[in-house]
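Per this note's numbering, residue 2 is the first one in the sequence shown, and the count goes up by one each step.
Glycine included, C-beta positions come from ideal geometry on N, C-alpha and C.
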Amino acid sequence: MDDRMYKEFLESQLQWSKNQTAILDKMESKLLEMKKVAEYAAGNVLSSVELENSTAQINKLNQEYQRLTESYQLGAN
2 MDDRMYKEFL ESQLQWSKNQ TAILDKMESK LLEMKKVAEY AAGNVLSSVE
52 LENSTAQINK LNQEYQRLTE SYQLGAN
């Protein structure tokens, strides 16, 4: 492998790493949002509507997290 090809390989690996890191950052953000909602719900007396809204919000965040997990795993292959 000549120097040019090796440089291209390293640049592609760097870009892959940046993409994977961006996905991990988004995953962390979703987890922190879920934690915030869960802590609020645990620390307060919620009406049934508020509880349903909190549950729906956590479910939505979880679905987004799962999609990010799939993207991350696809990038790992």
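Note to self: Assuming residue 50 is part of the alpha helix (DSSP H), what are its boundary residues?
What the structure shows: Residues 49-77.
Margin query: When you compare the CB positions of residue 70 and residue 35, do they come within less than 9 Å of one another, or not?
Written below: Not closer than 9 Å, so no.
Notebook entry, point to check: Near residue 62, what residues of its chain come up, given a Cβ to Cβ distance below 7 Å and the 5 sequence neighbours on each side ignored?
Noted result: Hits under 7 Å: 31, 34 and 35.
Note to self: Rounded to whole angstroms, what is the Cα-Cα separation between residue 24 and residue 49?
What the structure shows: C-alpha separation (whole angstroms): 34 Å.
Check: For the putative contact between residue 38 and residue 59, defined by C-beta atoms under 8 Å, what is the C-beta separation to the nearest angstrom?
Finding: About 5 Å separates the two Cβ atoms, so the contact holds.
Item checked: Span of the alpha helix (DSSP H) around residue 1 -> Nothing in the structure corresponds to residue 1, since the chain is present only between 2 and 78.
Note to self: Given this structure, state the Cα-to-Cα distance separating residue 16 from residue 67, to the nearest angstrom.
What the structure shows: So the two alpha carbons sit approximately 23 Å from each other.
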